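Just so you know, the sequences run in chain order U and L. Residues -19 to 279 in my numbering are what the first sequence spells out, letter by letter. Residues 539 to 908 in my numbering are what the second sequence spells out, letter by letter.
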Amino acid sequence: MSGTTAATGRLALRHRLAEHGIDRQLWLLLPAMVFIVGLFLYPFLYGLGLSFQPSEGGALASYEAFFSDPYQRGTIWITLRLALPAALFNVLAAVPIAYRMRGRFRGKRLLTILLVVPITLGTVLTAQGLLNYLGPTGWFNKVLTGLGLLSDPVRLTNNYWGVLFSLIITGFPFAFLLILSYLSGIDPTLERAAATLGADWRQRFRRVTLPLLAPGLATTFCLTFVLAFSVFPSAVLVGDPAGETRVISLAAYQAAYESFDYSLASAIAMVMGAVELGVIALVLLWRSSLYKGATGGKG
Amino acid sequence: MTSFAELRLENVGRRFAGVDALAGLDLTIRAGEFIALLGPSGCGKSTALNCVAGLLPLTSGSVWQDERRIDTLPPEKRGFGMVFQNYALFPHLSVRKNISFGLQMQRQPRAEVVRRTDEAIRLVKLEEHATKLPGQLSGGQQQRVAIARAIVLEPSLVLMDEPLSNLDAKLRLEMRSEVRRLHQSLGLTTVYVTHDQEEALSLADRLVVLRSGLVQQVGTPEELHTSPRSWHVADFMGYRNLLEMTATDVSGGRVTMEGGGMRLVGTASGDGVLPGKVVVAFRPDDVRIVDPTVAGNVIAARVELVEYQGKELAVESRTAADQVLHVTTPQRVARGDDVTLTIDAERVLVFPGDESTEELAKPVLDRVAS
């Protein structure tokens, strides 16, 4: 008697769990969870703990050290000054190109490959290319001085501009690929419908495509921003790592491996994460005011 | 919107990668007319519609609105309304904003936009749903928004691309009456694309039957229903019995034929019927089940499949020579019954045989798809 009650009880529990989408297949998530905990969560919490354990002073001493020193504090602004324009430019430049490349046409694959190739180059190769092309004795300056358009070469490397160019070159393919896939998820009939209702191409883009694309733009901006915010190699190779491109990851690196202050390095890493989250939160706040439902296409 | 007395399509054609999707379409649409473009999928009917709308450039021919050539104008300059098969409602805009979209594009004064939008919403009975997004509406309601959005501009021509094909059977009938009612009350010139012959017959003033990009026949529903010009049109107009036979005698309009173990007398359609290979077409509801003693066209067959359709039964029967015949009958017959079928000679249409006759040997599903 009691055995059957227990059996029906178990059955009822299983049905109740199933109603919430919980079943035995969830165990398949376990390996991924182990990786997330082991490779992300644990180091993160360890670093968080470390940042509150400075070698001298109170729990917040590392944060105080960072924020009280303008040379350290300034790295936030230096990095934002690079990452925000780079992310914004990449998103804005990718939109018209992806918009033109939605349909099927001859040579689309070749063009896509050309646009995406910088991903495969890596930062170091890009930096080398930039130095060769835009450096004081690079082609760009040689041609312009040769033509008499410039008396002295413009400085486009080993300063702010060099890093910005590098971020744009490496970040653009990501932005382009993401936006292209968001765009092809929008049903092309919508624009045709707008056309029959009297909208010219500008109105079609502004009133139909752009509102449907905007959530995708927000996501793309966040991803390219985070990539750009953690800029490190190009800030050293084509930037001015002691001055105007002393980015925040460089500050963390110097704290950890030059002054061996792991607590300060962790604190800087935490500040870095907080700034990124802050920017993402702002963008997502804006995004939440937009339409996010189906866009009719193949998604 | 600029209205017109007639819209002329002259030799309109469209090629895709060397294949004619539509060729040599000549058609004059008079103001206020309801034209249906009818044909199986891939026949070029949607291509024709998109060419008129300006969404597809022509590869030959021209489109004239009275004396003005319009096929070089972009769609937004033509002032035609269009209803799409998937409705193509703007998912981020409310019902009201979807409907007022076109008026805003025309930069109408705000009061005018509000007034006409309200009127259109009332016309399609969506007052309660005006602030909802399209995703929150049922298929039938979305369809009504799509129609309202197209007609609120009082376009000189409304183009409809299979607008009812995504609806279930009951809703389809309702919306069909709605479309007809709107057409009658507003007098909108309409071009309507469909693959459903019943829909086309019940809605249109004139039908254009297309096949493989070519016009097969243009005529009133009655003309197409009773005297299709070719067996392809007959096939599409519900002549489910299509047989290949050999004409032995043609005199006047009367044709005597043999084949498949049958001997039939029929009526020649046109002058092209000569002794030799012919295609015979008749409707299931023109066939009657009778006593074996009757004279005239008599066919012995055995009932193979019975579909209950309320007042009538749709019967699939097979002759001794393995010829399948479709019959609609009020009589209650059962599988395995031996029956005698008859059909009046006036109801048996005879078409000249052509090279495409061999398609008849293929299963119907293949034929329709081609």
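From the three backbone atoms N, C-alpha and C, an ideal C-beta is built for every residue, glycine too. Because the structure is a prediction, the values reported are computed rather than measured.
Against residue i, what residues of chain U qualify as contacts under a CB-to-CB distance less than 7 Å, listed in chain order?
i: F622 (chain L); result: T169, A173
i: H630 (chain L); result: P191, L192, Y271
Work out the CA separation of residue j and residue i for me, nearest whole Å.
i: I881 (chain L); j: I837 (chain L); result: 9 Å
i: S908 (chain L); j: L190 (chain U); result: For S908 (chain L), the predicted model reports a pLDDT of 40, less than 50, meaning its position is unreliable; a value from the coordinates is still stated below. Between S908 (chain L) and L190 (chain U), the C-alpha separation is close to 40 Å.
i: R(-6) (chain U); j: L10 (chain U); result: 20 Å
i: L130 (chain U); j: P116 (chain U); result: 12 Å
i: S31 (chain U); j: L203 (chain U); result: 26 Å
i: L664 (chain L); j: K615 (chain L); result: 29 Å
i: Y271 (chain U); j: R186 (chain U); result: 14 Å
i: F867 (chain L); j: R826 (chain L); result: Here residue 867 (chain L) turns out to be Thr, not Phe, going by the sequence shown. Going by the C-alpha atoms only, they are around 7 Å apart.
i: L111 (chain U); j: R135 (chain U); result: 11 Å
i: L675 (chain L); j: Q681 (chain L); result: 9 Å
i: L40 (chain U); j: V211 (chain U); result: 26 Å
i: A555 (chain L); j: R82 (chain U); result: 20 Å
i: E700 (chain L); j: L594 (chain L); result: 17 Å
i: P890 (chain L); j: A852 (chain L); result: 28 Å
i: G617 (chain L); j: S229 (chain U); result: 58 Å
i: P213 (chain U); j: G118 (chain U); result: 21 Å
i: Y237 (chain U); j: R226 (chain U); result: 15 Å
i: V906 (chain L); j: G751 (chain L); result: With a pLDDT of only 48 at V906 (chain L), under the threshold of 50, the placement of this residue in the model should not be trusted; the figure read from the coordinates follows. Near 14 Å, if we compare the C-alpha coordinates of G751 (chain L) and V906 (chain L).
i: G109 (chain U); j: N138 (chain U); result: 13 Å
i: R553 (chain L); j: H630 (chain L); result: 35 Å
i: T103 (chain U); j: A561 (chain L); result: 56 Å
i: L641 (chain L); j: Y730 (chain L); result: 23 Å
For the putative contact between residue i and residue j, defined by C-beta atoms under 8 Å, what is the C-beta separation to the nearest angstrom?
i: S632 (chain L); j: A668 (chain L); result: 7 Å
i: R883 (chain L); j: V788 (chain L); result: The question names Arg, but residue 883 (chain L) is Ala in the sequence shown. Rounded, the Cβ-Cβ distance is 13 Å, inconsistent with contact.
i: V888 (chain L); j: V793 (chain L); result: 5 Å
i: L879 (chain L); j: V865 (chain L); result: 6 Å
i: L762 (chain L); j: L745 (chain L); result: 5 Å
i: N549 (chain L); j: S579 (chain L); result: With a Cβ gap of about 24 Å, N549 (chain L) and S579 (chain L) do not count as contacting.
i: V696 (chain L); j: T727 (chain L); result: 7 Å
i: F156 (chain U); j: I93 (chain U); result: Between I93 (chain U) and F156 (chain U) the Cβ distance is about 12 Å, and since that is not below 8 Å, they are no contact.
Leaving aside the five residues before and after residue i along the sequence, list all residues of the same chain whose C-beta is less than 6 Å from its C-beta, in chain order.
i: G797 (chain L); result: M783, T784
i: W266 (chain U); result: none
i: I494 (chain L); result: Lying before the first or after the last residue shown, residue 494 (chain L) is absent from chain L, which here runs from 539 to 908.
i: S275 (chain U); result: This sequence places Thr at residue 275 (chain U); Ser is not what is there. Only G165, I166, L192 meet the Cβ criterion.
i: G37 (chain U); result: none
i: V601 (chain L); result: L547, I608, D609
i: V96 (chain U); result: P153
Using C-beta distances below 7 Å, list every residue in its chain close to residue i, excluding the 5 sequence neighbours before and after it, in chain order.
i: A144 (chain U); result: The sequence shown places Leu at residue 144 (chain U), rather than the Ala named in the question. L62, P65, A66, listed in sequence order.
i: A247 (chain U); result: S31, S42, Y43, F46
i: A235 (chain U); result: D241, L244, A245, I248
i: G776 (chain L); result: Q735, R821
i: G87 (chain U); result: none
i: D558 (chain L); result: G551, G751
Comparing the C-beta of residue i with each C-beta of chain U, is any distance below 8 Å?
i: P890 (chain L); result: no
i: P813 (chain L); result: no
i: F554 (chain L); result: no
i: P613 (chain L); result: yes
i: M643 (chain L); result: yes
i: F639 (chain L); result: yes
i: A591 (chain L); result: yes
Can you name the residues of chain U whose CB is closer than 9 Å to the CB of residue i?
i: H687 (chain L); result: At residue 687 (chain L) the sequence reads Arg, which differs from the His that was named. A173, L177, listed in chain order.
i: E845 (chain L); result: Within 9 Å Cβ-Cβ: nothing; E845 (chain L) doesn't reach chain U, min ~37 Å.
i: F618 (chain L); result: T176
Identify the contact partners of residue i in chain U, using a Cβ-Cβ distance below 8 Å as the criterion.
i: G673 (chain L); result: G273, A274
i: P911 (chain L); result: Since the first and last residues shown for chain L are 539 and 908, residue 911 (chain L) lies out of range.
i: A626 (chain L); result: D167, T169, L170, R172, A173, G276
Can a CB atom of chain B be found closer than 8 Å to the CB of residue i?
i: P191 (chain U); result: Of the protein chains in this structure, namely U and L, none is chain B.
With a threshold of 8 Å between beta-carbons, can residue i be considered close to chain L, or not?
i: V188 (chain U); result: yes
i: Q52 (chain U); result: no
i: Q183 (chain U); result: yes
Starting from the C-beta of residue i, find all residues in its chain whose C-beta is less than 8 Å away, skip the five residues before and the five after it, and write them out in chain order.
i: V75 (chain U); result: I159, L193, L197
i: G678 (chain L); result: L705, L709, E712, M713
Residues of chain L with CB closer than 7 Å to the CB of residue i, please, in chain order.
i: D180 (chain U); result: E614
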